[in-house]
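Each residue of the sequence shown is one higher than the one before, counting from 397 in our numbering.
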Amino acid sequence: MSFPITPESLIKTIKGVFPSLQQLPLHEPRFSGNEWAYVKECLDTGWVSSVGKFVDLFERHLTDYTGSPHAVACVNGTAALEICVRLAGTQAGDEVIVPALTFAATANAIAHCGGIPHFVDCERTSLGVDAEKLRQYLSETAQVLDGTCFNRTTGRKIKTLVIVHVFGHPADIDAISAVCNEFKIHVVEDAAEALGSFYKGRHAGSTSELAALSFNGNKILTTGGGGAILVRNPELAKLAKHLTTTAKRPHAWEFFHDQVGYNYRLPNINAALGCAQLEQLPRFLEIKRRLHETYASVFQNSSGVSLLAEPTYARSNYWLNALVLAPSLADQREVFLKSMNEAGVMTRPIWTLLHRLPMYQSCPRSDLSVSENLEKRVLNIPSGVGLGEALL
Ligand SMILES: *Cc1c(COP(=O)(O)O)cnc(C)c1O
């Protein structure tokens with residue numbers, strides 16, 4: 397059976413999945429484990445701020461889980477990504493390749509290092525950077541001189557590319573890395589949405605030199621606010637820790653800072669929350685997968701809308717479920733958004749493409765036709781762990 401989708405039918409379908417719930421939030425944090433105990437321990441002992449055992453524990457658990465050799469906890473994902481982009485060699489005035497279809501923080505992290513975002517297009521299955529289109533584009537736009545990639549038009553260096561795992565679906569890391577190798581460009585992964593996602597069996601962000609995670613309140617797990625740098629090289633890991641902790645030379649009492657450092661460290665109280673949340677991650681992932689499968693079954697016969705699924709090479713964390721409206725429905729997006737939100741089915745559009753934002757509109761960019769085509773068609777629907785639990 398096939399039925400043409402309307403806002404009303406969409407609301408009915410989604411509400412039908414959760415008959416006992418009136419309001420369906422987009423994504424809420426879930427604290428059902430040791431969160432209370434670990435945070436209480438911070439309060440009881442007074443170790444709430446920049447020093448304490450939970451920061452070290454959290455970093456260790458992150459390396460265990462992701463398989464990345466080093467993790468540096470940070471105050472948020474944007475700060476983590478900024479340090480990654482900087483450690484990848486980006487200097488003021490360099491261009492950094494980045495998809496136009498991502499959260500503003502990805503480009504902000506680049507701009508905070510003085511880099512100039514250079515926008516490229518995505519592909520339809522993962523919503524990640526399209527490797528083949530990237531190769532084509534770089535062949536026309538860039539040239540490698542003495543091991544450094546330059547933009548032929550602007551003359552600026554291109555040292556780094558930031559890929560994004562949109563909604564937790566891993567981009568095609570190997571294919572993109574192969575192109576970047578050809579053009580002598582470092583790959584940094586914005587894995588803010590991808591904790592618990594695997595690319596060909598490897599955790600997202602664990603195989604590139606540098607990657608950033610986020611533990612903001614809306615992510616798959618939260619530390620209140622927080623992030624982490626995943627880094628492979630031990631020297632870079634030390635430098636990341638040093639830079640994010642005011643660049644102070646270790647000493648029992650002396651204040652000697654050898655660079656302009658950052659106060660980007662994650663407070664112990666947030667790390668305590670993170671340790672408890674990480675214990676829940678396998679359960680969260682299972683519940684999210686089940687929620688996705690339920691959505692997949694209720695939408696399988698719908699015409700006019702499709703549910704975004706993990707690419708064949710990946711195992712996604714299914715952080716946020718996304719519906720893709722048929723092209724013919726793109727101009728009705730506002731009607732869908734208004735009706736669904738009013739009916740208690742919290743729905744959000746995908747981001748406004750970054751080259752449309754005032755601070756990035758004069759940045760260099762490739763053809764962005766796929767991103768532009770998807771921009772008005774992708775809607776995120778309720779995806780929290782709490783909703784998945786209501787299915788049990
Ligand atoms: C959440 C997010 C960030 C930023 O993380 P914060 O912890 O909120 O600073 C960066 N990139 C993407 C793709 C995100 O979803």
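Even for Gly, the Cβ is constructed at its ideal location relative to N, Cα and C.
Is residue i near ligand 1, judged by its Cβ being under 6 Å from some heavy atom?
i      : result
Asp586 : yes
Gly623 : yes
Thr556 : no
Gly473 : yes
Thr502 : yes
Ser610 : yes
Val774 : no
Thr748 : no
Val451 : no
Thr498 : yes
Val560 : yes
Glu771 : no
Glu589 : yes
Taking 8 Å as the limit between beta carbons, can you name the residues of its chain near residue i, skipping five residues before and five after?
i      : result
Ala587 : His561, Ser593, Ala600, Gly601, Ala607, Ala608, Leu609, Leu626
Gly621 : Val471, Asn472, Phe611, Asn612, Gly613, Asn666
Leu704 : Leu523, Phe563, His565, Asn717, Ala718, Leu719, Val720, Val774
Cys671 : Asn430, Tyr434, Phe450, Leu453, Phe454, His457
Pro421 : Met742, Pro778, Gly780, Gly782, Leu783
Glu768 : Leu749
Anyone know if the C-beta pair for residue i and residue j falls short of 7 Å?
i      : j      : result
Ser573 : Pro707 : no
Ala503 : Pro495 : no
Phe652 : Arg645 : yes
Ala467 : Ala624 : yes
Ala484 : Val413 : no
Cys518 : Val766 : yes
Glu528 : Ala505 : no
Phe546 : Lys553 : yes
Whole angstroms is fine: what's the gap from residue i's alpha carbon to residue j's?
i      : j      : result
Ile493 : Pro415 : 45 Å
Leu458 : Ser464 : 8 Å
Ile777 : Asn577 : 37 Å
Val781 : Thr441 : 31 Å
Trp432 : Arg531 : 49 Å
Cys509 : Thr486 : 7 Å
Leu591 : Val540 : 34 Å
Leu639 : His688 : 39 Å
Thr641 : Val516 : 33 Å
Ala343 : Leu681 : The structure shown does not extend to residue 343, since the chain is modelled only from 397 to 788, so the question has no answer here.
Leaving out five residues on either side along the sequence, give the residues of the same chain with a beta carbon under 6 Å from the beta carbon of residue i.
i      : result
Cys438 : Val444, Asn664, Ile665, Ala668
At least one CB of chain D closer than 7 Å to the CB of residue i: is that the case?
i      : result
Pro723 : Among the chains in the structure shown there is no chain D, since it carries only a single protein chain.
Item to complete: Kindly confirm or deny that the segment 669-678 and the segment 412-431 touch, where touching means at least three C-beta pairs closer than 8 Å.
Response: With the cut-off at 8 Å, the segment 669-678 and the segment 412-431 touch.
Worksheet item: Counting Cβ pairs closer than 8 Å, one from the segment 730-750 and one from the segment 402-412, do we hit at least three?
Response: Enough Cβ pairs lie closer than 8 Å, so yes.
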